[in-house]
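Some notes on the structure that comes next.
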Amino acid sequence: MRQVKHLLDRKGNDIYAIAPEAPVLEAIKHMAERRVGALLVMRGEQLVGIISERDYARKVILQGRSSAQTPVSEIMSSPVLTVTPDTDVFDCMRMCTDSRVRHLPVVQGHRVMGVISIGDLVMEVISAQAEQIEQLQRYITS
């Protein structure tokens, strides 16, 4: 099976991040503009957390907090579950399922290399299965 680095080669290494001191409202605006469900929370080059739409719904809206007054650091998920470029796609799927997360930052050493989502993983598995089916059909018909 393919590894995370193959997924990033196809998808790209775009990293969308926000500072921990930024207001939650700014994070939500960035997510909407970029059409993503989560942002990495970074202090310079250091990954300190992740904020998702789910964090916003559960920790701001349901608690009646102000999006403009609440800093990202108060609602972000930390520590962050991460993977390396060499992690197998199925291991990533298992991690997402077991930990109930939808986004996995890809880290090598202390450097963030990109982010993969559960959607990226599902598309990769479907693609790999289609490839395998095609190979089996060629084998059977030859």
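Mapping of the sequence shown onto UniProt numbering: residues 1 to 142, in sequence order.
Every residue gets a Cβ at the ideal spot worked out from N, C-alpha and C, and that includes glycine.
Model, not experiment: these values are computed from the prediction.
| query | result |
| --- | --- |
| From LEU121, GLN63, PRO85, GLN108, pick the residue whose C-alpha is nearest to that of ILE75; which is it? | GLN63 |
| Could you spell out where the alpha helix (DSSP H) holding GLN117 opens and where it closes? | Residue identity differs from the one stated: residue 117 is Ser in this sequence, not Gln. SER117 -> not in any alpha helix (DSSP H); beta strand (DSSP E) instead, spanning 111 to 117. |
| Could you work out which residue in LEU47, GLY109, SER52 is closest to GLY37 when comparing CA atoms only? | SER52 |
| Please state whether the Cβ-Cβ distance between LEU39 and VAL80 is less than 7 Å. | no |
| Measure the alpha-carbon distance for MET42 versus MET95 and round it to whole angstroms. | 22 Å |
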